[in-house]
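Contents: one structure, followed by commentary.
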Amino acid sequence: MKPLLLPALALLAVPLHAQYDLLIHNARVLDGAGNPWFHAGVAVKDGRIAAVGQLAGARAAMEIDAKRRILAPGFIDVHT
Numbered sequence: 305m306k307p308l309l310l311p312a313l314a315l316l317a318v319p320l321h322a323q324y325d326l327l328i329h330n331a332r333v334l335d336g337a338g339n340p341w342f343h344a345g346v347a348v349k350d351g352r353i354a355a356v357g358q359l360a361g362a363r364a365a366m367e368i369d370a371k372r373r374i375l376a377p378g379f380i381d382v383h384t
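Read in our numbering, the sequence shown has 347 at position 43, and its numbers run on one by one without any break.
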């Protein structure tokens with residue numbers, strides 16, 4: 305049993321690879337097209353929106369729980 309303990313602990317020490325830089329989950333997403341909001345997550349990679357939808361199992365360097373707040377990804381301020 306002892307010979308297996310060290311390799312098992314080594315596996316636990318390996319950090320999980322982050323797919324995204326930022327993951328915002330548990331949000332009510334508005335798409336800006338007049339559709340009703342939908343419950344989803346938004347993932348960002350290299351400063352761009354990489355995915356919107358049910359992102360169960362996705363990993364990110366930073367994860368934020370939106371706590372069912374409204375999120376409108378992709379909106380830009382045309383006045384700047």
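For every residue, glycine included, the Cβ atom is placed at its ideal position computed from N, Cα and C.
Buried or exposed by the 16-neighbour rule on C-beta atoms within 10 Å, applied to residue i
i: I380; result: exposed
i: H329; result: buried
i: A365; result: exposed
i: A347; result: buried
i: A331; result: buried
Nearest-angstrom Cα separation, counted from residue j out to residue i
i: P377; j: H321; result: 24 Å
i: G345; j: L359; result: 6 Å
i: R363; j: F342; result: 21 Å
i: Q323; j: D335; result: 23 Å
i: A355; j: H383; result: 26 Å
i: E367; j: D325; result: 9 Å
i: G351; j: N339; result: 25 Å
Beta-bridge pairing of residue i - partner residues as DSSP gives them
i: G338; result: Paired residue(s): none; G338 is not in a bridge.
i: A347; result: L327, A355
i: I374; result: R332
Endpoints, the beta strand (DSSP E) within which residue i is located
i: I368; result: 364 to 369
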